[in-house]
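Q: Below you'll find the structure I mean.
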Amino acid sequence: MSLKGGSDMPDVLLKVSGVSVSIPTGQGSVHAVDDAVFSINRHEVFSLIGESGSGKSILGQAIMRLLPPNAVFSGKVELCGTEISALSEKEMQKVRGKTVASIAQNPYLAMNPGIRVGTQIAEPMRAHLGISKEDSKTRACRALKYFDIIPSEVREREYPFQYSGGMLQRAMVAMGTAADPELIIADEPTKGVDVLKKRNIAAIFKKVVSKGCAFLLITHDVGFARVMSDRIAVNYCGQIIEIAGKDPFFKEPLHPYSKALLDAVPERGMHPIPGQSPSMIAVPEGCRFHPRCPYKTDRCLTDPPVVELGGRCVRCWMYA
Numbered sequence: 001m002s003l004k005g006g007s008d009m010p011d012v013l014l015k016v017s018g019v020s021v022s023i024p025t026g027q028g029s030v031h032a033v034d035d036a037v038f039s040i041n042r043h044e045v046f047s048l049i050g051e052s053g054s055g056k057s058i059l060g061q062a063i064m065r066l067l068p069p070n071a072v073f074s075g076k077v078e079l080c081g082t083e084i085s086a087l088s089e090k091e092m093q094k095v096r097g098k099t100v101a102s103i104a105q106n107p108y109l110a111m112n113p114g115i116r117v118g119t120q121i122a123e124p125m126r127a128h129l130g131i132s133k134e135d136s137k138t139r140a141c142r143a144l145k146y147f148d149i150i151p152s153e154v155r156e157r158e159y160p161f162q163y164s165g166g167m168l169q170r171a172m173v174a175m176g177t178a179a180d181p182e183l184i185i186a187d188e189p190t191k192g193v194d195v196l197k198k199r200n201i202a203a204i205f206k207k208v209v210s211k212g213c214a215f216l217l218i219t220h221d222v223g224f225a226r227v228m229s230d231r232i233a234v235n236y237c238g239q240i241i242e243i244a245g246k247d248p249f250f251k252e253p254l255h256p257y258s259k260a261l262l263d264a265v266p267e268r269g270m271h272p273i274p275g276q277s278p279s280m281i282a283v284p285e286g287c288r289f290h291p292r293c294p295y296k297t298d299r300c301l302t303d304p305p306v307v308e309l310g311g312r313c314v315r316c317w318m319y320a
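For what it's worth, full-length UniProt numbering labels the leading residue of the sequence shown as 1, then goes sequentially.
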C-alpha cells in the first residue's frame, strides 16, 4: 500500500517498502507485519493507529532496527535516502539518536535511576554531535529550560526519582531530541495516562514538531492521533489497511474497520467492534477483517487490492 512519495523526492524523509516481520514461537510464527508500505514527509506527523496487539509497535522496532533476535525481517527502510535496513549494527548505532530517535512509553523505565538527568540528556549530544562535556552540559540545561523544567541549572543535577511524572516525561523528550533528530518514533505515549496528562504530552510533542522534527506516532488512542496528526494509517492484524489525510479520514473513513474503530470512541457512542481480533499466528484468508465485517461478500475470502482514491488509499474490495 502506498501513497505518492519516494526517497527520490526531496520532501520524503522515511520510506518503508514491503516490510514484513514474523516472529517464531512455540505455537507457530506470529505474522506481526505484512508488506507495510508508506512514506513520511519532513516535518510531518504520521500516526499509525489500531487495536493493541495488531503489530504497530513491531513495525516501529523494525524501523529502528531493534527487533527481537529471532525476528525474521524482509523489505526495505530508507531514511534520508539511505537504506538503513541494510546497514551494519555499528553503522546503525550512528543513526539512532542522531537521525532517528525513539521516545519510550514509560519514562521511569527509560531513564537510568543512578545517573543525573542532565548527564543522560548530554550523552547523545556528545556521542552524535562531537561536542565537549561542558558544551553538552550547557545544551542540556537549555533543553530542560525549553521543556519548562526550571531552574534548569539545578534540575540538571538531580536524579530521575527527584522528578514528578510530568517532569520526567518532558525530560525524556528532551533526551530523545537532544541530538536534533529528523524523525522521532513515539510508541503509545498516552498509554495509561489521564486526560490532563494527554494534553500535556500533546503540548510537549507540538513543541518538538515546531522545531521541524517529523513524528511517527504509534497509538491505539484515536483522539490523541486526531489532535496530533497530519496523516493517519490504520493497522489491522499486521496490515496497513488505509492511509489518508487526517481531515478526510475523520470525516469519512473508507475501510469498514476504520469506521468501526472510530465508532468505538466515546464521542461516537462507544460502539464495540463486533467479534474478536484474529490470531496473528493463524490469520484469516483474504481480507483479515472479513470475519468481523458487516459488509463482507464471497470475494472478501481472497486478498483485497490496494485502491488509490484521490490522495488516499484503502485495502478493500468495496472500492475495487
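Ideal Cβ positions, reconstructed from N, Cα and C, are used throughout, including at glycine. Here the structure is a predicted model, which means the values were calculated and not measured.
Considering only C-alpha positions, which residue in the set Arg312, Val307, Val227, Asp221 is nearest to Asp263?
A: Taking only the C-alpha atoms, the option nearest Asp263 is Asp221.
Q: With a threshold of 8 Å, are at least 3 pairs of Cβ atoms found where one atom belongs to the segment 78-93 and the other to the segment 139-147?
A: The segment 78-93 vs the segment 139-147: no contact.
Q: Report the three-state DSSP secondary structure of Leu67 (helix, strand or coil).
A: Three-state result, Leu67: coil.
Q: Taking just the CA atoms, how far does Ser85 sit from Ala32?
A: Their backbone Cα atoms lie some 17 Å apart in a straight line.
Q: Determine the contact status of Leu309 and Leu254, defining contact as a CB-CB distance below 9 Å.
A: In contact: Leu309 and Leu254 (Cβ atoms closer than 9 Å).
Q: Assign Leu13 to one of two classes, buried (16 or more other C-beta atoms within 10 Å of its C-beta) or exposed (fewer than that).
A: Classification of Leu13: buried, given that the 10 Å Cβ count is 16 or more.
Q: With a threshold of 16 other CB atoms inside 10 Å of the CB of Trp317, please say whether the residue is buried or exposed.
A: Burial call: buried.
Q: Please list the terminal residues of the continuous beta strand (DSSP E) segment that includes Asp34.
A: 28-41 is the span of the beta strand (DSSP E), which, as asked, contains Asp34.
Q: Roughly how many whole angstroms lie between the Cα atoms of Val306 and Tyr319?
A: Rounded to whole angstroms, Val306 to Tyr319 spans 9 Å at the Cα level.
Q: Using a threshold of 9 Å, state whether the C-beta atoms of Cys287 and Pro304 are closer than that.
A: Result yes, Cβ atoms of Cys287 and Pro304 sit closer than 9 Å.
Q: Arg315 bridges to which residues according to DSSP?
A: BP columns for Arg315 point to Val306.
Q: If Ala214 and Arg231 are in contact, beta carbons under 8 Å, what's the gap, nearest whole angstrom?
A: Actually they do not touch by this definition, with Cβ atoms about 11 Å apart.
Q: Report buried or exposed for Val173, applying the criterion of at least 16 other Cβ atoms within 10 angstroms of its Cβ.
A: Buried is the call here.
Q: Going by beta carbon distance, what residues of the same chain come within less than 7 Å of Gln120, once the five residues before and after it are set aside?
A: The answer, listed in chain order, is Met111, Asn112, Met175.
Q: Under the three-state reduction of DSSP, which class applies to Pro24: helix, strand or coil?
A: In this structure, Pro24 counts as strand in the three-state DSSP scheme.
Q: With 16 as the cutoff for other CB atoms within 10 Å, does Leu301 come out buried or exposed?
A: Exposed, because fewer than 16 other Cβ atoms sit within 10 Å of the Cβ of Leu301.
Q: Measuring straight from C-alpha to C-alpha, what distance separates Pro44 and Ser102?
A: For the sequence presented, residue 44 should be read as Glu rather than Pro. Rounded to whole angstroms, Glu44 to Ser102 spans 16 Å at the Cα level.
Q: Could you tell me which of Gly97, Pro107, Asp187 sits nearest to His128, measuring between CA atoms?
A: Considering only alpha carbons, the answer is Gly97.
Q: Could you give the uninterrupted runs of the alpha helix (DSSP H) lying entirely in the segment 236-282, keeping only those of 4 residues or more?
A: Correct list: 246-251, 256-263.
Q: Okay, do the segment 62-72 and the segment 154-166 touch, 3+ Cβ pairs below 8 Å being the bar?
A: With a cut-off of 8 Å, the segment 154-166 and the segment 62-72 do not count as touching, because too few Cβ pairs lie within range.
Q: Applying the 10 Å Cβ sphere with the 16-neighbour rule, what's the burial state of Ser22?
A: By the neighbour-count rule (16 or more Cβ atoms within 10 Å), Ser22 is buried.
Q: Among all the DSSP beta bridges, which residues are the ones paired with Ala233?
A: According to DSSP, which records beta bridges pairwise, Ala233 is partnered with Leu48, Ile243.
Q: In this structure, how does DSSP classify Gly5 when only helix, strand and coil are distinguished?
A: Note on Gly5: pLDDT 34, under 50, position unreliable in the model; no value is reported.
Q: Determine the DSSP secondary structure at Phe73, reduced to helix, strand or coil.
A: Residue state, collapsed to three classes: strand.
Q: State buried or exposed for Thr219, treating a residue as buried only when at least 16 other CB atoms are found within 10 Å of its CB.
A: With 16 or more Cβ atoms within 10 Å of its Cβ, Thr219 is classed as buried.
Q: Please identify the residue among Gly118, Asp194, Asp135 whose C-alpha is closest to the C-alpha of Pro151.
A: The option with the nearest alpha carbon to Pro151 is Gly118.
Q: Tell me whether the beta-carbon of Tyr108 lies closer than 9 Å to the beta-carbon of Leu168.
A: Yes; because the gap between Cβ atoms is below 9 Å, this pair is in contact.
Q: How should Met64 be labelled, buried or exposed, when 16 other C-beta atoms within 10 angstroms of its C-beta is the threshold for buried?
A: With 16 or more other Cβ atoms within 10 Å, it is buried.
Q: So, with DSSP's three-state summary, where would you put Gly166?
A: In the structure shown, Gly166 sits in a helix (DSSP, three-state: H, G or I).
Q: Span of the beta strand (DSSP E) holding Asp187?
A: Taken as a continuous stretch (DSSP letters only), the beta strand (DSSP E) holding Asp187 covers 183-187.
Q: Considering only residues of the same chain and omitting the five flanking positions on each side of Lys77, which have a CB-CB separation below 6 Å?
A: In the sequence as presented, Lys is not what sits at residue 77; that position holds Val. Taken in chain order, the residues that qualify are Val16, Ile63, Ile84, Ser85.
Q: Only counting the same chain, and skipping five residues up and downstream in sequence, which positions put a Cβ closer than 8 Å to that of Leu183?
A: Excluding sequence neighbours, Leu183 sits near Leu13, Leu14, Ile40, Leu79, Thr99, Val100, Ala101, Cys213, Ala214, Phe215, Leu216.
Q: How many whole angstroms separate the CB atoms of Phe38 and Ile240, which I take to be in contact at a CB cut-off of 8 Å?
A: 6 Å between Cβ atoms; contact.
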